[in-house]
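Protein chains: 2
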Amino acid sequence: MDEDRAVQAEYLKALAHPTRIRIMELLEQDGHCVTNIGEKLDLKQSNISQHLGILRSRGILSLRREGGHSIYCIKDPRALEILQLVRQKQAS
Amino acid sequence: MDEDRAVQAEYLKALAHPTRIRIMELLEQDGHCVTNIGEKLDLKQSNISQHLGILRSRGILSLRREGGHSIYCIKDPRALEILQLVRQKQAS
DNA sequence: CACTTTTATTATTATATTCTAATAATAACC
DNA sequence: GGTTATTATTAGAATATAATAATAAAAGTG
Numbered sequence: 081m082d083e084d085r086a087v088q089a090e091y092l093k094a095l096a097h098p099t100r101i102r103i104m105e106l107l108e109q110d111g112h113c114v115t116n117i118g119e120k121l122d123l124k125q126s127n128i129s130q131h132l133g134i135l136r137s138r139g140i141l142s143l144r145r146e147g148g149h150s151i152y153c154i155k156d157p158r159a160l161e162i163l164q165l166v167r168q169k170q171a172s
Numbered sequence: 081m082d083e084d085r086a087v088q089a090e091y092l093k094a095l096a097h098p099t100r101i102r103i104m105e106l107l108e109q110d111g112h113c114v115t116n117i118g119e120k121l122d123l124k125q126s127n128i129s130q131h132l133g134i135l136r137s138r139g140i141l142s143l144r145r146e147g148g149h150s151i152y153c154i155k156d157p158r159a160l161e162i163l164q165l166v167r168q169k170q171a172s
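Keeping their order, the protein sequence lines are chains A and B. For any residue, its number in my numbering is found by taking its place in the first sequence, counting from 1, and adding 80. For any residue, its number in my numbering is found by taking its place in the second sequence, counting from 1, and adding 80.
This is the structure:
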């Protein structure tokens, strides 16, 4: 199906951004809230929120609310495998 | 390094397009020339050539000339592993 | 309830991608 | 050498992405 490849492309596109790669690296350890991520990455809140929204809309991240905070976590571990492969490629 | 993530993002971006995914699927079997790919995918020659150029510039494809034809082949099999993971994700 | 904190959304601007069409470059063939 | 076939490159227009700033929404705190 051709629709499938569009979905696949969207999925890869979600990972294909330096900031979103950094977010994935950060969340690999633990869930974090938006403010926290923004501080660690030194980026504006709205920007982080948008990036998180993109990753979530593709099913890569999940979100739970916890006392006024939005805690984002990695939902799809295959995204980490993909990033691992990309890193290997670079090392070679 | 932050430069690394930019390179990683470029690599993923190269795969993050429906047409380029189709090209990867086609080349998974065998190398093909530009005209051939253009016919199978029913797309303009210049468009195909551009997509192939992108995949090649990221080290994903390689090119050999053969009697007036440019034969493109998959150079980095890790790209196939990545696409495989993306497909799995979709199936789940 | 006012106030603050946290997050999401919207509008805008700047940049990047993608496709098409046209042209150039390369190499086979007669 | 001229012609054709194949591929690459360029320019242009349309669309998509990304960052910022501003605002809205939601929820905790005093």
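Here a beta-carbon is modelled for each residue, glycine too, at the ideal position from N, C-alpha and C.
Going by DSSP, name the residue or residues bridged to residue i.
i                 : result
Ile-117 (chain A) : DSSP output for Ile-117 (chain A) lists no bridge partner at all.
Glu-177 (chain A) : Examination of residue 177 (chain A) is not possible in this model, given that chain A is present from 81 through 172 alone.
Leu-141 (chain B) : B:Ile-154
Please work out which residues of its chain come closer than 8 Å, Cβ to Cβ, to residue i, disregarding the five sequence neighbours upstream and downstream, and give them in chain order.
i                 : result
Ile-151 (chain A) : Gly-111, His-112, Cys-113, Leu-143, Arg-144, Arg-145
Ala-89 (chain A)  : none
Quick check: the Cα distance between residue i and residue j, rounded to an integer number of angstroms?
i                 : j                 : result
Leu-141 (chain B) : Leu-163 (chain A) : 19 Å
Leu-160 (chain B) : Leu-95 (chain B)  : 10 Å
Arg-167 (chain A) : Gly-148 (chain A) : 35 Å
Asn-116 (chain A) : Gly-133 (chain B) : 40 Å
Lys-169 (chain B) : Gln-125 (chain B) : 32 Å
Arg-100 (chain A) : Leu-165 (chain A) : 16 Å
Ile-128 (chain B) : Leu-135 (chain B) : 11 Å
Glu-108 (chain B) : Arg-85 (chain A)  : 15 Å
Met-211 (chain A) : Ile-154 (chain A) : Nothing can be reported for residue 211 (chain A): it is not among the residues displayed for chain A, which extend from 81 to 172.
Asp-82 (chain A)  : Arg-158 (chain A) : 22 Å
Val-87 (chain A)  : Leu-123 (chain B) : 20 Å
Gln-130 (chain A) : Lys-93 (chain A)  : 14 Å
Asp-156 (chain A) : Pro-98 (chain A)  : 19 Å
Kindly indicate the opening and closing residues of the alpha helix (DSSP H) around residue i.
i                 : result
Arg-102 (chain A) : 98–109
Leu-95 (chain B)  : 82–95
Got a sec? Which residues, its chain only, sit under 7 Å from residue i by beta carbon, not counting five neighbours each side?
i                 : result
Tyr-91 (chain A)  : Arg-138
Lys-120 (chain A) : Leu-106
For the beta strand (DSSP E) containing residue i, list its first residue and its last residue.
i                 : result
Leu-135 (chain A) : Taken as a continuous stretch (DSSP letters only), Leu-135 (chain A) belongs to no beta strand (DSSP E), being part of the alpha helix (DSSP H) at 125–137.
Apart from the five residues on each side of it in sequence, which residues of its chain come closer than 6 Å, Cβ to Cβ, to residue i?
i                 : result
Arg-102 (chain A) : Leu-121
Asp-118 (chain B) : It is worth fixing the name first, because residue 118 (chain B) is Gly in this sequence and not Asp. Closer than 6 Å at Cβ, skipping near neighbours: Gln-125, Ile-128.
Examine the ligand FAD and report whether any of its heavy atoms sits within less than 7 Å of the Cβ of residue i.
i                 : result
Ile-103 (chain A) : For the structure depicted, the ligand FAD is absent and the ligand set is empty, with no information on it obtainable.
Q | Residues of the segment 157–171 of chain A whose Cβ lies closer than 9 Å to any Cβ of chain B, in chain order | A | Arg-158, Ala-159, Glu-161, Ile-162, Leu-163, Leu-165, Val-166, Arg-167, Gln-168, Lys-169, Gln-170
Q. When Cβ atoms are compared, which residues of the segment 107–124 of chain A fall closer than 8 Å to chain B?
A. none
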